[in-house]
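Same order as they appear, the protein sequences are chains A and B. Reading the first sequence from the start, the letters are residues 174 to 358 in our numbering. Reading the second sequence from the start, the letters are residues 230 to 339 in our numbering. Cβ coordinates follow ideal geometry from the N, Cα and C atoms, glycine included. Values in this document were obtained by computation on a predicted structure and should not be read as measured data.
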Amino acid sequence: VEKRVSRFSRTRVASWLLACVLPACDVETTLGDLEEEHAFRGEDSLWWYWSQIVRSIPTSAWASIRRGGLASTCVAAIAACATQATFELGLKAAITTLTPYTTAIGIASLAVTIPSFVLLSYWASRVRPGAGMLLALLVLIAVAIQLTVKVGGELPVWTRLAALLLGTSAALTGGALSLRRQRRE
Amino acid sequence: MPRGDLLGSLEHIILLALVRLGPNAYGMTVRREIETRTGRDVSIGAVYSTLERLEMKGYVSSMTGEPTAERGGRAKRLFRIEASGRRALATSQDSIRRMAAGLKMRWRNV
């Protein structure tokens, strides 16, 4: 029973991770291969199992981006990014005309902008399956640049770090939700 | 084979693995074959990405196999090398053979 439970939880986590970057049919095939090899190597091959999952994510993500056409996937991701940036700038301008910036305002604006980013990533991933991953990469690059060259110096560092973590997660969540929807369809 | 369609190193190795494995070629057997014969520890994701690229080029085809208990009831995706894949492999092998001809002593002395 213990073996079955550990296998069930292992495959559930692995399935969730792979579902962020692979179409449903490929997730099942890949998991089947890994389970077979895990059984072949013995129970102490868990490290090998997880290293395979982690190492497979970048190559599978890149394949997913290429599958949808590199140029059109880039266009979908950049369009989503531009829409989000416009929305955030508009929101920020509207807030600052009403009240000075406070921590509470920062948290409130994150509570609005993160769900909107999930939606935009979902939409972009519906248009092109790899767009969510590309969007996550764009967020990483944009926030890394902000942190390095200190653009928008009035914002506290925690806001940028939150944007880095939550923005990347939001982009990946949108992409994963889109893949799950495709799976059901 | 058009000039832009030269095989990459992993593509070349995977096509050779498909020839070796015959009807039993699927992700994990291909990965295991590469590891056993070359010592190269490729990820299953890299194997599938390369196989997908080769399928898009028309060099390999795939079909879904039967689900088995040892795979947790999941089906295999079996791959087969096509005639165009065999031609691409032969051309690539010939290119390497011609480029390497007469050089064995030189790189042994380096």
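* Could you pull the start and end residues of the beta strand (DSSP E) that L307 of chain B belongs to? => 306-310
Does A304 of chain B come within less than 8 Å of chain A when only Cβ atoms are used? yes
inquiry  = For chain B, check one thing: does any of its Cβ atoms lie closer than 8 Å to the Cβ of L204 of chain A?
reply    = yes
Closest by C-alpha distance to V227 of chain A, when choosing among A:V285, A:V322, A:A192: A:A192
So that I know if they touch, is there some Cβ in chain A lying closer than 8 Å to that of Y277 of chain B? yes
Give the DSSP-derived three-state secondary structure of Y255 of chain B in the structure shown. strand
Q. Who are V248 of chain B's beta bridge partners in DSSP?
A. Looking at the DSSP assignment, V248 of chain B forms no beta bridge with any residue, so it has no partner.
- CA-to-CA distance, M257 of chain B to G301 of chain B, given in whole angstroms: 15 Å
Would you mind sorting T232 of chain A into buried or exposed? The rule is 16 or more other CB atoms within 10 Å of its CB.
-> The residue is buried, with at least 16 neighbouring Cβ atoms inside 10 Å.
Could you name the residues of the region 285-303 of chain B whose beta carbon sits closer than 9 Å to any beta carbon of chain A, in the order they occur along the chain? Taking 9 Å as the Cβ-Cβ cut-off against chain A, the residues of the region 285-303 of chain B that qualify are M285, T293, P296, T297, E299, R300, G301, G302, R303.
### Query
Of all the CB atoms in chain A, is at least one closer than 8 Å to the CB of S272 of chain B?
Under the 8 Å criterion on CB atoms, S272 of chain B is classed as interfacial with respect to chain A.
With 8 Å as the threshold, decide whether the Cβ of T256 of chain A is near any Cβ in chain B. So no, T256 of chain A is outside the interface.
Q. In whole angstroms, what is the alpha-carbon distance linking W220 of chain A and S237 of chain A?
A. The straight-line gap separating the alpha-carbon atoms of W220 of chain A and S237 of chain A is approximately 25 Å.
Query raised in the report: chain B beta carbons: is any one of them nearer than 8 Å to that of T184 of chain A?
Result: yes
Worksheet entry | Range of the contiguous beta strand (DSSP E) that encloses T293 of chain B | Where T293 of chain B is concerned, the enclosing beta strand (DSSP E) stretches over 289-293.
Would you say Q359 of chain A lies against chain B (beta-carbon separation less than 8 Å)?
With chain A covering only 174 through 358, there is no way to say anything about residue 359 of chain A.
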